[in-house]
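*Asks:* Handing you this structure, nothing more for now.
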Amino acid sequence: MSLGKEGGTIATLLPYQSRRKGVKTVFILAYSVFGKVVEFPFPFPANQEHHENAKMYCELIAEVLRRGTLKPVPLRLYPHGLASVQEGFEDMKAGKVHAEKITYRIADTPGLTSEGR
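In the working numbering, the protein residues as written are 4 to 120.
Printed below as a string of structure tokens:
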């Protein structure tokens, strides 16, 4: 899959129709990377091409991570779990979040127990 100024093809994990001219979207059910028939959430036939592509991309991603060519986005961990979600949204709206992945650790939510109460 590739995408450039002239368009191209992108794989999507949810059905999506691109509004951009020259861009073709290909829906890929995430489970299809295993190369086996999938029955859930709906019947989906085995797709050997998806399986082979997944193996190739896993190797490619591992290599570029190893070389440092591709670096993961830094995390911005908010300290109070789900109680910090509003603060995270406010920071985004205020333009305070740049090139970071906002992250909440559910276990850090005040008053939350392992029983979910």
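Just so it is clear, CB atoms sit at the ideal spot from N, CA and C, and this is done for glycine as well.
1. Would you decide whether His53 is buried or exposed? Buried here means 16 or more other CB atoms lie within 10 Å of its CB.
2. Arg79 and Lys104 look like a contact to me (Cβ under 8 Å); what is the Cβ gap, rounded to whole Å?
3. Taking Gly10 and Val26 to be in contact with their CB atoms under 8 Å, please state how far apart those CB atoms are, rounded to whole angstroms.
4. Quick one, which of Ala102, Gln20, Pro82, Glu90 has its alpha-carbon nearest Thr112's?
5. So, helix, strand or coil for Arg79, using DSSP?
6. In the structure shown, what three-state DSSP assignment does Tyr107 receive?
7. Restricting to runs no shorter than 3 residues, where is the beta strand (DSSP E) found entirely within the stretch 37-98?
*Replies:* Looking at the atomic coordinates:
1. buried
2. 7 Å
3. 5 Å
4. Pro82
5. strand
6. strand
7. 78-81
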